[in-house]
Structure formats: C-alpha cells, structure tokens
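Undergrad: I am attaching a structure below and will ask some questions about it afterwards.
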Amino acid sequence: MEISQRTKDLKPSATLVISATAGQLQAEGKDVVNLSAGQPAFNTPDHIKDAGKEALDKNQTKYTPVPGSVEFKTAIQNKFKRDNGLEYELNEIIVGAGGKQIIFGAVQALVNPGDDVILPVPYWVSYPPMVHISGANSVFVQTDFENNFLLTPDQLKEAITPKTKLIILNSPSNPTGMMYNKETMIELGNICLENNIAIISDEIYEYITFDGKEHHSLANLDPEFKKITITGNGLSKAYAMTGWRIGFGGGPQEVIAAMTRYQGHSTSNASSIGQYAGITALNTPPEEVKPVFEDYQTKRDIAYERLSGIEGVETLKPDGAYYIFPKVSAHYGKSCDGFEVHDSLTFCQFMLEQMLIAIVPGVAFGADEYVRISFSGDKDDLIRGLDRLEEGLNKLK
Ligand SMILES: Cc1ncc(COP(=O)(O)O)c(C=O)c1O
C-alpha cells in the first residue's frame, strides 16, 4: 500500500537504534548498563496504585468527557493554583494521553501549514515531528553550551519571521537538564507578546530541580503571558506513572476547545482509570513527593564530578530533570579495533557494542556533538556505566 508522505517523512528516532541493539544484547545474556531511560526507576507509589484499583472496583471504566472528568480537572485546577500560582477555569484545562499528547494537540490547535515554529536546540525529540505533522516549519535556533543551552532574548528576536506563530520552551530541559531563570523567561515572554507568538511551556520536569533552584511557570510571570501560553504537564515524571499515560494542560479557553475538538476525533478521553488515580496523585502534597528526588541530586553530583574529570569530555551541571548532556565530539575521528567513531550515533553504538553501556546520541536532540546520559536509575548502575564510558574513551585512539 502507498504510505502517506506525511508519515513517510517521520524518521524513526535515533534512540530506537540504540534501544533495539541494547535489547538484543540483553537477550543474548549480556550485562548491559542502561543509562538511556527517560523514566523514573521507582514504582508508582502504593497509595496511587490503590486508587487505580479502587477505580476498577467502583466501575470507573466508562468514557469520561473528552477533555477529562470534572473531578480530575478540579484536582488539576487545584494543583496549578497550589504549585504554579495559576488560576485556570475548568474549561481552560484539558487531560490527554500523556504530556506528549497535550503538546501535540496544542501544536495542531495553534499553527497552520506554512507557519514557523521556533524550537531552541537541543530540543526534546518529539517537537520537530509534531511540528512537521501540522504542516508548519521548525525554525531551529542553536543555543550555546557557554550559555547553559538557554535561548537568549537576542537569539529569539533574530529567529522571528513574519510567519512565526509559536515557540516551544522546556524547563527543566530534556536533554540538557538546564532551567531558565525568571528574568530571562520574562524577557522571552515579552518578545513573544510583542510579536504575537504563542508559547507552549513544557513543564513536565517541574518537581525535579536541584540546589534549591525554583521552577517558574511562564504563564504565572505576567497576566498577559497567561493569555498566550499553554502550560503542559503530566503525571509521568513526578509520580513515576509513565505507563498510565496521563498528561494535562492549561491555557486560554479557545485553544483548549480546539484541542478538545481534535482529541474528540482522535483518541477521545484519556484512560478513566488513570484519571481517577490521578486525583490521588495530584492531591499528594509536593512536600511528600519531592524527597524522592533528593536521590537524583546525589546522582547528578556523581555524574557531573566524574564526567568533568575525564579528558576530552565537557559538561554542564544540570539544574533539574535527570539527564546530563556531555560534549564528547573531541573523540570523533578515533577508532578501536576497526570500529570508527565519527558522530554521536557511532559513538553510542561503540559504547553499547564494545562497552555494554546504553546512552542516547545527541543527534536525536539536534546536537550531534553530545550524548545524553540518564541518572534516573540505580546509583551503582550509574557508577558502573560511567566506569565503562571512561574505559571506552581510553580505548579510542
Ligand atoms: C520534555 C518532555 N516533554 C514531554 C514528555 C512527555 O511525557 P509523557 O507523555 O509520558 O507525559 C517527556 C517524556 O519523556 C519529555 O521528556
């Protein structure tokens, strides 16, 4: 059968090559250290799982309204107010199948074919395909390592064209772990306001911040920003609920209504069971959830100190999320036993096949000089993985 051009254009992510090889090696009984995961290693807390079971017992197994049940949306409304100082009406809130669907829906609701969407690089892997599916163009703006991979107001101004409709910001960032401070956010927000550009603020890692750094919701920094911003979030990262597929967003009523129409003809409501359990998740005070993340800061420190001491590796200290994004391109052009490393993909293939450590090539995020290492898992695995990485680098000549 003839496959549509739109889907033909979608390239499988570079991460798939790595995870397929990792799976194959593991199936062969090899002890692969997997530092490629994008999800928390701990399980969904018991009280949330109990709520999921209760949902079944109470037969909460039918359709809910497309944008989510009133009860869950009320819990989201309270969460936005409690954590982000954001006051949304219920018709300004939508629930979807993960934060991914929220961002996807917001992009589809906000742009027309031919519009420009600004994406700071490195970007989260799924943003460019989402823009592509909408028929709009991604305008990639290279950020600098020296500036913590953060978009500067000047870079934003330079990237704007008469066709610019939207920008997607992600703080804390996947893959860099870096966060915008309040002042820069305000400057970026003002430029968007002046130029009539909508903002998707992807805040899925908001709870995972280090060194006491405070997360800021862009929409809360100015009442005018709230009118042009869709705030995306979800249960996956904060509550270790990646498989439950529950995300949510807040934004102007007409945008949420458009996203609801789109969702109504695609997936309809997100899982009723997930929504029911989500009420318990969101009603858990952040003070009870956040201690779990202190462990991430310890692992961030281990990864940062170790990588900083390796010759030919440069890295920033992440402010949040559970990724570190070292520059390894000084090793490109080297080889070991006939295996030549010449970009982030061959670098990661070498590390996987020869050193049995799975990490993600930076090319997946638009930054081929870098690799992404996740510290969301076990501390001892992280240390073993970093040992192998260093050993592998010593082998490359
Ligand atoms: C930056 C970012 N945004 C959104 C998501 C979406 O997560 P989910 O669809 O599981 O809520 C992820 C997941 O990896 C992410 O890293």
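Per numbering that gives the first Met the number 0, residue 0 is the first one in the sequence shown, and the count goes up by one each step.
The beta carbon of each residue, even a glycine, is placed where N, CA and C say it ideally should be.
#1: So is G51 in contact with chain D if we call contact Cβ pairs under 7 Å?
#2: Below 8 Å on the Cβ atoms is my guess for D114 versus A96; work out the distance and round it to an integer in Å.
#3: Can you grab the Cα-Cα spacing for the pair F428 / P360, in whole Å?
#4: Can you say whether H215 is buried or exposed, counting buried as having 16 or more other CB atoms within 10 angstroms of its CB?
#5: Just to confirm the assignment: which complete alpha helix (DSSP H) runs, minimum length 4, are found wholly within the region 92-179?
#6: Just to confirm before moving on: does the CB-CB distance between E296 and F209 stay below 7 Å?
#7: Can you have a look at M0 and say buried or exposed, based on whether 16 or more other CB atoms are within 10 angstroms of its CB?
#8: For V31 versus Q25, is the C-beta distance shorter than 7 Å?
#9: At what residues does the beta strand (DSSP E) containing T266 begin and finish?
#10: Quick check: is any heavy atom of ligand 1 less than 6 Å from the C-beta of E99?
#11: With a threshold of 6 Å, establish whether the CB of S235 neighbours any heavy atom of ligand 1.
#12: Going by CA-CA distance only, name the one from R5, A105, E193, Q23 that's closest to I255.
#13: By how many angstroms is the C-alpha of G332 removed from the C-alpha of D342?
#14: Confirm the yes/no value for this check: CB of I203, any heavy atom of ligand 1, distance under 6 Å.
#15: Take Q107 and list the residues in its own chain whose beta-carbon comes closer than 6 Å to its own, dropping the five residues that flank it on each side.
#16: For G263, count neighbouring C-beta atoms within 10 Å of its own C-beta (all shown protein chains included) and say buried if the count is 16 or more, exposed if not.
#17: State the DSSP-derived secondary structure class of F41, mapped to helix, strand or coil.
#18: Check each candidate in P44, G22, N42 and name the one with the smallest Cα separation from N35.
#19: What whole-angstrom Cβ distance do N83 and N219 have, given they're in contact under 8 Å?
#20: Do you know how far the Cα of R383 is from the Cα of E389?
#21: To which residues of the same chain is C191 closer than 7 Å at the C-beta, ignoring the five residues directly before and after it?
#22: What is the DSSP secondary structure of R244, counted as helix, strand or coil?
#23: Judging by CA-CA distance, which residue of I102, K61, S307, N33 is the nearest neighbour of G246?
#24: Considering Cα atoms alone, identify which of V362, K298, V138, K99 is closest to K236.
#25: Let me check understanding here. Comparing Cα to Cα, which of L9, K378, L385, S18 lies closest to M129?
#26: Would you tell me roughly how many angstroms separate the C-alpha atoms of E368 and L392, rounded to the nearest one?
#27: Let me check you understand the geometry: is the CB of G365 closer than 6 Å to at least one non-hydrogen atom of ligand 1?
#28: Can you tell me the Cβ-Cβ gap for V362 and A19, rounded? I've got them flagged as a contact below 8 Å.
#29: Where does P360 fall in DSSP's three states?
#30: So, W123 versus N173, is the Cβ gap smaller than 7 Å?
#31: Taking three-plus beta-carbon pairs below 8 Å as touching, is the region 53-70 in contact with the region 179-196?
#32: Candidates L150, V140, N111, P119: which alpha carbon is nearest H131's?
#33: Quick one: Cα of I309 to Cα of D300, how far?
TA: To lay it out plainly:
#1: No chain D appears in the structure shown, which is made up of a single protein chain.
#2: Contact doesn't hold; Cβ gap of about 25 Å is too wide.
#3: Only positions 0 to 396 of the chain appear in the structure, and residue 428 is not among them; the question remains open.
#4: buried
#5: The qualifying runs are 98-109, 126-133, 152-158.
#6: Looking at the sequence shown, residue 296 is not Glu but Gln. Yes; because the gap between Cβ atoms is below 7 Å, this pair is in contact.
#7: M0 sits exposed, since fewer than 16 C-beta atoms from the chains shown fall within 10 Å of its C-beta.
#8: yes
#9: That residue, T266, is in no beta strand (DSSP E); it is neither H nor E in DSSP.
#10: Going by the sequence as given, residue 99 is Lys instead of Glu. Flag set: Cβ of K99 near ligand 1.
#11: yes
#12: Checking every option, the nearest Cα to that of I255 belongs to A105.
#13: 8 Å
#14: yes
#15: S133, Y261
#16: exposed
#17: coil
#18: According to the sequence shown, residue 35 is Ser rather than Asn. The residue with the shortest Cα to Cα distance from S35 is G22.
#19: The pair is a contact, with the Cβ atoms about 6 Å apart (cut-off 8 Å).
#20: 10 Å
#21: I166, I198, I227
#22: The answer is coil: DSSP assigns R244 none of H, G, I, E or B.
#23: I102
#24: K99
#25: When each option's Cα is compared against that of M129, the closest is L9.
#26: 15 Å
#27: no
#28: 16 Å between Cβ atoms; not a contact.
#29: strand
#30: yes
#31: no
#32: N111
#33: 15 Å
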